[in-house]
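Engineer: Start counting the sequence shown at 1; every next residue gets the next number (full-length UniProt numbering).
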Amino acid sequence: MQTVAKNTILSPLEKLKPFISEQTILVRSPGRINLIGEHTDYNEGYVLPAAIDKAAYLALTPRADNQINLFSIDLEDQYSGDIHDFERTEKSWPNYILGVADQFRQRGKLTSGFDAALTADVPIGAGLSSSAAVENAVVMALDAMLDTGYEKLTMVKMSQKAEHTFPRLMCGIMDMFASMFGKKNNVIRLDCRSLEYAYEPLDMSDFKIVLFDSNVEHSLGSSEYNVRRAQCEEGVALVKQYYPHVLSLRDVTMDMLNKYVLPVNELVYRRCSYVLEENARLLAACEYLEEGDMQAFGKKMYESHEGLSKKYEVSCKELDFLVEQVKNNPDVLGARMMGGGFGGCTINLVKEGAVESLIAEITKAYKAATGLDTKAYITKIEDGTTIL
Ligand code: GAF
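1. Can you find the residues in the same chain that come closer than 6 Å, C-beta to C-beta, to residue 146, ignoring five residues on each side of it along the sequence?
2. Mind checking whether the beta-carbon of residue 39 lies closer than 7 Å to any heavy atom of the ligand GAF?
3. Return the chain-ordered ranges of every beta strand (DSSP E) run that is complete within the UniProt domain "GHMP kinase N-terminal" (95-183) and spans a minimum of 3 residues.
4. Three or more C-beta pairs under 8 Å: does that hold for the segment 40-47 against the segment 57-70?
5. Which runs of the alpha helix (DSSP H), 4 residues or longer, sit entirely within the segment 300-338?
6. Considering only the alpha carbon of each residue, which of 66, 96 and 73 lies closest to residue 85?
7. Alpha carbons only, please: which of 319, 223, 162 and 225 is nearest the one belonging to residue 373?
8. Could you pull out every unbroken beta strand (DSSP E) segment of at least 3 residues lying fully inside the segment 36-92, listed in chain order?
9. Out of curiosity, what's the CA-to-CA distance linking residue 247 and residue 236?
10. Where do the ends of the beta strand (DSSP E) carrying residue 33 lie?
11. Under the criterion of a Cβ to heavy atom distance below 7 Å, does residue 42 qualify as lining the ligand GAF?
12. According to DSSP, what are the bridge partners of residue 343?
13. Mark residue 2 as exposed unless 16 or more other C-beta atoms lie within 10 angstroms of its C-beta, in which case mark it buried.
14. Mind checking whether residue 358 and residue 331 have CB atoms under 8 Å apart?
15. Which residues in the same chain have their Cβ closer than 7 Å to the Cβ of residue 218, if we skip the five residues on either side of it in sequence?
16. Relative to the ligand GAF, is the shortest distance from any of its heavy atoms to the C-beta of residue 129 smaller than 7 Å?
17. Return yes when the Cβ of residue 136 is within less than 8 Å of the Cβ of residue 29, no when it is not.
18. If contacts are defined as beta-carbon pairs under 8 Å, then residue 100 and residue 159 qualify, I think. What distance do you get, rounded to the angstrom?
19. Check whether the Cβ of residue 171 lies closer than 7 Å to any heavy atom of the ligand GAF, and answer yes or no.
20. With DSSP collapsed to three states, give me the class of residue 200.
21. Thinking C-alpha only, which one of 326, 234 and 348 is nearest residue 207?
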């Protein structure tokens, strides 16, 4: 494996330089934020994400033989296999690349090997979807290398399937969609049932999006994620006995939950009612966004956090602390945990001019309360996955 001198701060593209030749396909694929609409995607609800200025970068070079060589520059690790018999690995990181390669293999398109070097400035495990960023980088690079000409939406679905089969997180479609379809200075209002979407320009002249990284990643994250998904499906099954047309929580009303789920399973009821409320919150928040009422929008974010913490129970004490700290601060319009939960970042809408002092204040308070360092990211909204 080629190495890069230690202790030098290099940009992602500088890090990739030793792996680039004339045939190399270079891809930038961003992480994502989500303003509101959490754990709604796999329930065929709505989400409001955007691609960000932190990304995964992949240099993929075709080979004449059937060999696959993967290099993680950041982890200083490598993997080698053959296109015909590679499998899911015990090690985590190669799965995000191999899972996507497997999607091409299943379609009979993986006809030759490749070398792929990966680096990222999107932090891993911070809830910014570094995994979808990597998967989209790979799907776009392999699509170019194998000349498959897949539509962006097909590639998004391949990335999602890859995540289900190799890393084995039964994720929804939001992360891959946002990373692929991102548009500079716009959020994406996505209907996860029809997959219809609209770009909403986000005027950030009066506020900034600040992420506070809790710096924790509780290990139950992915197992509990799959449990939440199963609980939602259980709620749907209970209602379906009486309403056969019901396919997902999208078709379920609060009335149905009260009648057919609450008497049978109170926990499942709580999970499902959170999802229905979160969808309603998102729709209301989108109206506020169109009216430019970011104060009202921010209130919905706080309500979303409350639901995620108390009803859906995917927050943790560190995330609750970060939200609680800003809740009564007039310079913070709204805040909530973001992504799957059990760690990662909170997302905050902070008035322009108050950003620096807020970061200083939260950094100090978080350290005093938890003994941990928080990292703050002032985030910009950027374009989605692109070949450079
Ligand atoms: C993770 C998943 F990957 C998404 O699909 C989504 O469900 C999110 O958690 C919660 O909204 O990021």
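Yeah, the Cβ is synthetic: ideal placement off N, Cα and C, and Gly gets one too.
Structural biologist: The structure says:
1. Exclusion of the five residues before and after residue 146 leaves 109 as the residues of its chain whose Cβ lies within less than 6 Å of its Cβ.
2. Correct: residue 39 has its Cβ closer than 7 Å to the ligand GAF.
3. If we require 3 residues or more, the beta strand (DSSP E) runs fully inside the UniProt domain "GHMP kinase N-terminal" (95-183) come out as 114-120.
4. The segment 40-47 makes no contact with the segment 57-70, as fewer than three CB pairs between them are under 8 Å.
5. Those alpha helix (DSSP H) runs which fall completely within the segment 300-338 and span 4+ residues are 317-327.
6. Per the Cα distances, 66.
7. Of the candidates 319, 223, 162 and 225, the one whose C-alpha sits nearest the C-alpha of residue 373 is 319.
8. Note on the segment 36-92: whole beta strand (DSSP E) runs with a minimum of 3 residues are 49-62, 67-72 and 77-82, in chain order.
9. For residue 247 and residue 236, the distance between alpha carbons rounds to 7 Å.
10. 25-34 is the extent of the beta strand (DSSP E) around residue 33.
11. It does: the Cβ of residue 42 is within 7 Å (strictly closer) of some heavy atom of the ligand GAF.
12. BP columns for residue 343 point to 217.
13. In this prediction, residue 2 has a pLDDT of 49, which is less than 50 and means its spatial position is unreliable; nothing more can be read from the coordinates.
14. In contact: residue 358 and residue 331 (Cβ atoms closer than 8 Å).
15. Within the same chain, residue 218 has close Cβ partners 316, 342 and 343.
16. Relative to the ligand GAF, the beta carbon of residue 129 is positioned inside 7 Å of a heavy atom.
17. Against a cut-off of 8 Å, the Cβ pair of residue 136 and residue 29 comes out as a contact.
18. In this structure, residue 100 and residue 159 form a Cβ contact; the two beta carbons are roughly 6 Å apart against a cut-off of 8 Å.
19. Answer for residue 171: yes, Cβ within range of the ligand GAF.
20. Collapsing the DSSP output to three states places residue 200 in a strand.
21. Of the candidates 326, 234 and 348, 348 places its Cα closest to the Cα of residue 207.
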